[in-house]
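The next block holds one structure in the form of structure tokens; read it before the comments.
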Amino acid sequence: MIDINIIRKDPDRVRQNLINKFQEEKLPKIDEVLELDEKFRILKVEGDTLRAKKNIISSDIGTLAREKKLDEIAPLKEEVGRINQRLKDLEVEEEELGKKIKAIMMIIPNIIDDSVPIGKDDSENKEIEKFGTPREFDFEVPYHADILNSINGLDKESAGRTSGTGFYYLMGDAARLHEAMLAYGRDYMISQGFTYCIPPFMIRSDVVNGVMSFAEMEAMMYKIENEDLYLIGTSEHSMIGKFKEQIIPEKELPVTMTSYSPCFRKEIGAHGLEERGLYRVHQFEKQEMVVICKPEDSMNWYNKMWQYTVDVFRNLNVPVRTLECCSGDLADLKVKSCDIEAWSPRQQKYFEVGSCSTLGDAQARRLGIRIKGSDYNYYPHTLNNTVLASPRAIIAFLENNVQKDGSIFIPEVLRPYMGGKDCIKPKTK
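Numbers in our numbering are just positions in the sequence shown, counted from 1, shifted up by 338.
This is the structure we're talking about:
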């Protein structure tokens with residue numbers, strides 16, 4: 339949710355932002371919110387004027403009472419009664435207008451950064467930089483599900499019986515590898531000064547509405563029946579929600595946290611679920627990073643954060659690239675975002691394994707998170723980024739570290755978490 343002062347002072351900037359995000363259908367909302375805001379401010383002025391008048395009359399009543407001029411008090415009390423009634427009416431009108439204004443403000447997207455390329459959808463995202471040279475294979479790289487099956491590491495058939503399509507069992511060394519990668523991602527972020535956290539895996543609707551748009555929520559999140567609780571789609575939501583309605587002392591900034599959680603997603607949309615492999619599933623686990631900082635520091639943190647993910651994957655022998663998300667691919671709360679994509683030697687293309695975003699003060703404004711500065715309170719900026727998410731990270735790792743004999747090479751950074759193993763060998767039939 340953007341600051342309404344931006345719409346008041348520069349409505350054309352907000353209109354152009356809607357055009358850049360290909361949301362022209364929302365253009366009439368700008369005039370509508372300006373009209374409602376004008377009415378709201380008129381009511382506020384009237385209310386302030388009446389309260390000031392009431393104070394004066396109340397003071398006069400006190401003076402007259404001390405002077406025992408009781409016959410002059412009655413008409414003044416009647417006037418106070420009329421003012422009180424009007425103030426009650428104004429309170430109702432202000433509340434109704436406030437709700438209407440907020441409803442519109444919640445669907446007006448954040449102002450994107452000037453550096454964001456203009457494009458309609460993810461097909462127009464722009465490659466920024468590549469990191470690492472793809473390995474040349476002298477054999478055909480197997481499908482990741484086949485690699486997992488070769489080490490008896492994947493069971494989707496049983497998961498289908500227990501839970502349905504979109505779920506899976508990881509077994510043996512595959513499950514251990516999954517945990518090793520998450521643990522390495524956790525420890526890497528701790529080494530960068532981030533505080534490790536395990537958050538609640540369910541959050542209330544007011545937190546959901548604070549961190550994402552309603553459309554995103556409907557497409558992603560599972561609701562707990564008969565409860566005001568949702569299963570998280572990413573730990574960013576509960577991590578930012580941790581500070582709801584809080585005032586953080588400025589000296590405590592930046593707040594830097596890395597969090598582990600399972601993630602639950604409906605995966606509704608054109609891509610659908612994958613029957614055999616693990617590209618799109620209902621449940622996965624992720625190591626995340628979240629930063630709350632001063633507005634002037636957010637872009638510096640943004641650039642640090644995506645680089646952390648690049649470093650993690652490069653240490654796992656996975657070539658990656660960064661991709662600038664265009665205007666039409668940005669969720670409404672985002673100011674700027676880039677995807678981190680891993681190289682798939684089997685498909686001979688990159689695929690998404692993480693996303694880094696700065697959301698300006700939109701989430702903080704929605705959740706009432708403020709910073710206590712030396713002179714005044716202000717809204718901080720919030721940022722989030724994927725350290726790594728399994729099974730996407732496992733897919734990238736397996737394809738880039740599988741050997742000709744079917745074994746899987748374990749890089750040095752993972753060996754302490756794998757009992758010292760330097761490879762996983764396929765099971766003999």
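Note that CB positions come from ideal geometry on N, CA and C, so glycine has one too.
{"Query": "How big is the Cα-Cα spacing for K763 and G615?", "Result": "20 Å"}
{"Query": "Please list, in chain order, all residues of the same chain as P683 whose beta carbon is under 8 Å from its beta carbon, the five residues on each side excluded.", "Result": "P472, R473, F475, V479, E737, N738"}
{"Query": "Where does P600 sit, in a helix, a strand or coil, going by DSSP?", "Result": "strand"}
{"Query": "Of all the CB atoms in chain C, is at least one closer than 9 Å to the CB of A734?", "Result": "Absence of chain C from the displayed structure is noted, only one protein chain being present."}
{"Query": "Whole angstroms are fine: how far does the CA of A441 sit from the CA of N638?", "Result": "32 Å"}
{"Query": "Looking at Q625: is its Cβ nearer than 9 Å to the Cβ of L726?", "Result": "yes"}
{"Query": "Give the straight-line distance between the Cα atoms of F378 and I445, rounded to the nearest whole angstrom.", "Result": "19 Å"}
{"Query": "Looking at the structure shown, is V383 part of a helix, part of a strand, or coil, going by DSSP?", "Result": "helix"}
{"Query": "Taking F651 as part of the beta strand (DSSP E), name the residues at either end of that continuous run.", "Result": "Taken as a continuous stretch (DSSP letters only), F651 belongs to no beta strand (DSSP E), being part of the alpha helix (DSSP H) at 636-653."}
{"Query": "In the DSSP assignment, find the beta strand (DSSP E) that holds R659 and state where it starts and stops.", "Result": "658-662"}
{"Query": "Spell out the partners DSSP gives M540 in its beta bridges.", "Result": "L569"}
{"Query": "Among F360, P537, M339, which has the Cα closest to the Cα of M782?", "Result": "In the structure as shown, the chain starts at 339 and stops at 767, and residue 782 therefore has no counterpart that could be examined."}
{"Query": "Put E563 into one of helix, strand or coil per three-state DSSP.", "Result": "coil"}
{"Query": "Using DSSP's beta-bridge definition, name the partner residues of R708.", "Result": "I585"}
{"Query": "Counting along the chain, where does the alpha helix (DSSP H) carrying L435 start and finish?", "Result": "411-443"}
{"Query": "Bridge partners of G692, per DSSP?", "Result": "I678"}
{"Query": "Please state the DSSP three-state secondary structure of K364.", "Result": "helix"}
{"Query": "Is it the case that the CB of L661 approaches a heavy atom of the ligand FAD more closely than 8 Å?", "Result": "The model depicted lacks the ligand FAD and carries no ligand whatsoever."}
{"Query": "With a threshold of 7 Å on Cβ separation, who are the neighbours of I395 within its own chain once the five nearest residues in sequence on each side are excluded?", "Result": "L414, E417, V418"}
{"Query": "In three-state terms, what does DSSP make of S728?", "Result": "strand"}
{"Query": "Measure the C-alpha to C-alpha separation of E462 and P455 and round it to an integer number of angstroms.", "Result": "8 Å"}
{"Query": "Express the C-alpha separation of P657 and E750 in angstroms, rounding to a whole number.", "Result": "17 Å"}
{"Query": "With DSSP collapsed to three states, give me the class of I450.", "Result": "coil"}
{"Query": "In the structure shown, what three-state DSSP assignment does Q741 receive?", "Result": "coil"}
{"Query": "Give me, in chain order, the residues of the same chain whose beta-carbon lies closer than 8 Å to that of D459; leave out the 5 immediate sequence neighbours on both sides.", "Result": "C664, G666, D667"}
{"Query": "Spatial neighbours of F602 within its chain, please: C-beta separation below 6 Å, excluding the five flanking residues on both sides.", "Result": "Y560, L569, Q621"}
{"Query": "Take D341 and list the residues in its own chain whose beta-carbon comes closer than 6 Å to its own, dropping the five residues that flank it on each side.", "Result": "none"}
{"Query": "Quick check: the Cα distance between G498 and E373, rounded to an integer number of angstroms?", "Result": "54 Å"}
{"Query": "How would you call R730, buried or exposed, if buried means at least 16 neighbouring beta carbons within 10 angstroms?", "Result": "buried"}
{"Query": "Can you tell me whether K407 is buried or exposed, with buried defined as 16 or more other CB within 10 angstroms of its CB?", "Result": "exposed"}
{"Query": "Mind reading off the beta-carbon distance from D592 to D699? Whole number of angstroms is fine, and I expect it under 8 Å.", "Result": "One detail in the question is off: residue 592 reads as Pro in this sequence, not Asp. About 14 Å separates the two Cβ atoms, so there is no contact after all."}
{"Query": "Less than 8 Å between C-beta atoms, sequence neighbours within five positions excluded: which residues of the same chain meet that for K382?", "Result": "E432"}
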